[in-house]
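Student: For the sequence shown, the residue numbers in UniProt numbering are 1 to 288. Below: one structure in structure tokens.
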Amino acid sequence: MAKLVALNLSHLLPHDDFLAAFTTCEVMDDPRIEKVFLDDNHLGVHKISSGTTHRVVHPPKTDNGEDIKTAWEAFYPKGSVNPKGEIPGGFGLYVSGPPSFAERLATASEATFGYRMMLQKDWEWPMVALVGGRTDVANASTYGPDGVGELYAYLPLTADNATQLSAVPPRSMPNSDYGFSVGRGAFRLDHAIGNWVTIAFRIKMNGVDSKDGKNDLIPPCPLTGEVEIWVDGNSVIKVEGLTIRTSDSGRIKGMHFQTFFGGCHGKDWASPKDQRAWFADVTGAILE
Numbered sequence: 001m002a003k004l005v006a007l008n009l010s011h012l013l014p015h016d017d018f019l020a021a022f023t024t025c026e027v028m029d030d031p032r033i034e035k036v037f038l039d040d041n042h043l044g045v046h047k048i049s050s051g052t053t054h055r056v057v058h059p060p061k062t063d064n065g066e067d068i069k070t071a072w073e074a075f076y077p078k079g080s081v082n083p084k085g086e087i088p089g090g091f092g093l094y095v096s097g098p099p100s101f102a103e104r105l106a107t108a109s110e111a112t113f114g115y116r117m118m119l120q121k122d123w124e125w126p127m128v129a130l131v132g133g134r135t136d137v138a139n140a141s142t143y144g145p146d147g148v149g150e151l152y153a154y155l156p157l158t159a160d161n162a163t164q165l166s167a168v169p170p171r172s173m174p175n176s177d178y179g180f181s182v183g184r185g186a187f188r189l190d191h192a193i194g195n196w197v198t199i200a201f202r203i204k205m206n207g208v209d210s211k212d213g214k215n216d217l218i219p220p221c222p223l224t225g226e227v228e229i230w231v232d233g234n235s236v237i238k239v240e241g242l243t244i245r246t247s248d249s250g251r252i253k254g255m256h257f258q259t260f261f262g263g264c265h266g267k268d269w270a271s272p273k274d275q276r277a278w279f280a281d282v283t284g285a286i287l288e
């Protein structure tokens, strides 16, 4: 098991034990972590939303002078709602990681993914979606004018899942059309305006029974799935006892970056002006 040496960078890798890892972070100096460029080919980027861009740029310095050299730039034109709207805004893409990592991830049952983000200094809310997991299990979202954050979950509609998700403070609720809003208000991202904020996810798959050829859940259902979010190294949302997959075909396949205004909420949720955000230090680790 590898241990993270640079503890000051542990916000990107919240668990200090891992089986394999990669990062685009230039200052993460650990020989056990594969260093890769912020490049589509190196990161296994695919399924890019048409009509959008994620240019690699040198982002602005932060208010405290931090100078990250490379980042993806997301552009949200005035009036844009989502990448497929009349005015495309933001971007969407999938990240599998470098080939060696992606190969090991195919059989992994627990993994973490992290990145850093910054919003332009005169940012105006709301922005609804930021980023999610390739399994489309969950994403970290902001909601409303003050950068209020939540976990937005897409999980099997079981009674146990509803119970576990509903119990997460300060506020959780189902949405029959768009999934489950979990822990709204558990964190805020208003401090990402003009500054870098680190977000990390952990997903642990539940076990399944493959002995009968149907891959049904083992009775009684092993509610061992978990989802967790960290913001700047602090665990802000953690949900245990979940059914994340109902068959052995459910796998962790990487990250799904999806960033946009409003989604399907219409023009009232559109970007009020041309705006930009930046995403950097993309990192992944296999825990089990």
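All residues carry an ideal CB built from backbone N, CA and C; glycine is no exception. These numbers come from a predicted model, not from an experiment.
Check each candidate in D40, A192, A21, K238 and name the one with the smallest Cα separation from P31.
Tutor: By one-based count along the sequence shown, residue 31 stands at place 31. Checking every option, the nearest Cα to that of P31 belongs to A21.
Student: Count the other CB atoms, across all protein chains shown, that sit within 10 Å of the CB of D212; report buried if there are 16 or more and exposed otherwise.
Tutor: Position 212 of the sequence shown, counting from 1, holds the residue named residue 212. Bear in mind that a pLDDT of 37 at D212, under 50, signals an unreliable position, so the number given afterwards is only what the model happens to contain. Result: exposed.
Student: Hey, could you find the ends of the beta strand (DSSP E) Q275 is sitting in?
Tutor: Locating residue 275 in the sequence shown gives position 275, counting from the first residue. 275 to 286 is the extent of the beta strand (DSSP E) around Q275.
Student: Going by beta-carbon coordinates alone, are A186 and P170 separated by less than 8 Å?
Tutor: In the sequence shown, counting from the first residue as 1, residue 186 sits at position 186. In the sequence shown, counting from the first residue as 1, residue 170 sits at position 170. Against a cut-off of 8 Å, the Cβ pair of P170 and A186 comes out as a contact.
Student: For N161, which three-state DSSP category applies?
Tutor: Locating residue 161 in the sequence shown gives position 161, where the first residue counts as 1. Three-state result, N161: helix.
Student: Go ahead and pull the three-state DSSP assignment for K69.
Tutor: Along the sequence shown, one-based indexing puts residue 69 at 69. If DSSP states are grouped into helix, strand and coil, K69 belongs with coil.
Student: What do you reckon, are the CB atoms on I244 and G225 nearer than 8 Å?
Tutor: Looking up residue 244 in the sequence shown gives position 244. Looking up residue 225 in the sequence shown gives position 225. A contact, by the Cβ cut-off of 8 Å.
Student: Taking the beta carbon of S210 as the centre, do at least 16 other beta carbons fall within 10 Å, making it buried, or is it exposed?
Tutor: Here residue 210 is taken as the residue at index 210 of the sequence shown, counted from 1. Any reading at S210 is ruled out, since the residue's pLDDT is 46, under 50, leaving its predicted position unreliable.
Student: Alpha carbon to alpha carbon, how far is D160 from K214? Give it in angstroms, no decimals.
Tutor: Here residue 214 corresponds to residue number 214 of the sequence shown, with the count starting at 1. Here residue 160 corresponds to residue number 160 of the sequence shown, with the count starting at 1. Model confidence at K214 stands at a pLDDT of 44, short of 50, so the residue's coordinates are unreliable and nothing is read from them.
Student: CB-CB under 7 Å to L242, same chain, minus the five flanking residues each way: which ones, in chain order?
Tutor: The residue you call residue 242 lines up with position 242 of the sequence shown. So the qualifying residues of the chain are L155, N161, Q164, N206, L223, G225, E226, V227.
Student: What first and last residue would you give for the alpha helix (DSSP H) that runs through R202?
Tutor: Numbered from 1 along the sequence shown, position 202 holds the residue referred to as residue 202. Unbroken run through R202 is the beta strand (DSSP E), 197 to 204; no alpha helix (DSSP H).
Student: Whose C-beta lies closer than 6 Å to the C-beta of E240 among residues of the same chain, with five residues either side of it excluded?
Tutor: Stepping through the sequence shown from its first residue, residue 240 is reached at position 240. Hits under 6 Å: E226.
Student: Return the residue from the list R55, P59, D39 that minimises the CA-CA distance to residue 289.
Tutor: With the chain covering 1 to 288 only, the question about residue 289 has no answer from this structure.
Student: Using beta-carbon positions only, say whether V56 and M255 come within less than 8 Å of one another.
Tutor: Walking along the sequence shown from the start, residue 56 turns up at place 56. Walking along the sequence shown from the start, residue 255 turns up at place 255. No, they are not a contact pair.
Student: Determine the closest residue to V148 out of P174, N41, R188, with distance taken between C-alpha atoms.
Tutor: Walking along the sequence shown from the start, residue 148 turns up at place 148. Here the closest residue by C-alpha is R188.
Student: Between W278 and the rest of its own chain, which residues show a CB-CB distance below 6 Å, the 5 nearest in sequence each way excluded?
Tutor: Along the sequence shown, one-based indexing puts residue 278 at 278. P59, A71, E73, M118.
Student: Out of curiosity, what's the CA-to-CA distance linking E110 and E288?
Tutor: Position 110 of the sequence shown holds residue 110. Position 288 of the sequence shown holds residue 288. Rounded to whole angstroms, E110 to E288 spans 5 Å at the Cα level.
Student: From D177 to G262, what distance separates their C-alpha atoms?
Tutor: To locate residue 177, count along the sequence shown from 1; it is residue 177. To locate residue 262, count along the sequence shown from 1; it is residue 262. Whole-angstrom Cα-Cα distance: 15 Å.
Student: Where do the ends of the beta strand (DSSP E) carrying S181 lie?
Tutor: Counting from one through the sequence shown, the residue named residue 181 turns up at place 181. First-last of the beta strand (DSSP E) with S181: 179 to 188.
Student: Assign R104 to one of three DSSP states: helix, strand, or coil.
Tutor: For this step, residue 104 is matched to residue 104 along the sequence shown. In the structure shown, R104 sits in a helix (DSSP, three-state: H, G or I).
Student: With DSSP collapsed to three states, give me the class of H46.
Tutor: Looking up residue 46 in the sequence shown gives position 46. Residue state, collapsed to three classes: strand.
Student: Whose C-beta lies closer than 6 Å to the C-beta of D274 among residues of the same chain, with five residues either side of it excluded?
Tutor: For the purposes of this step, residue 274 is identified with residue 274 of the sequence shown, where counting begins at 1. Excluding sequence neighbours, D274 sits near P77, K78.
Student: If we require 4 or more residues per run, which alpha helix (DSSP H) segments fall completely within the segment 219 to 268?
Tutor: Here no run is fully enclosed.
Student: What's the C-alpha gap between I203 and F91?
Tutor: Within the sequence shown, residue 203 is the residue found at index 203, counting from 1. Within the sequence shown, residue 91 is the residue found at index 91, counting from 1. For I203 and F91, the distance between alpha carbons rounds to 23 Å.
Student: With respect to the beta strand (DSSP E) encompassing L119, which residues constitute its N-terminal and C-terminal limits?
Tutor: Translated into the one-based positions of the sequence shown, residue 119 becomes position 119. 110 to 119 is the span of the beta strand (DSSP E), which, as asked, contains L119.
Student: At the level of alpha carbons, what is the spacing between G233 and T198?
Tutor: Sequence index remark: in the sequence shown, residue 233 carries index 233 (1-based). Sequence index remark: in the sequence shown, residue 198 carries index 198 (1-based). Roughly 7 Å between the two C-alpha positions.
Student: Rounded to the nearest angstrom, what separates E86 and D17 at their Cα positions?
Tutor: In the sequence shown, residue 86 corresponds to position 86, counting from 1. In the sequence shown, residue 17 corresponds to position 17, counting from 1. Distance between the alpha carbons of E86 and D17: 45 Å.
Student: Given a threshold of 16 other Cβ atoms within 10 Å of its Cβ, counted over all protein chains shown, does K47 qualify as buried or as exposed?
Tutor: As a working mapping, residue 47 is identified with position 47 in the sequence shown. So K47 ends up on the exposed side.
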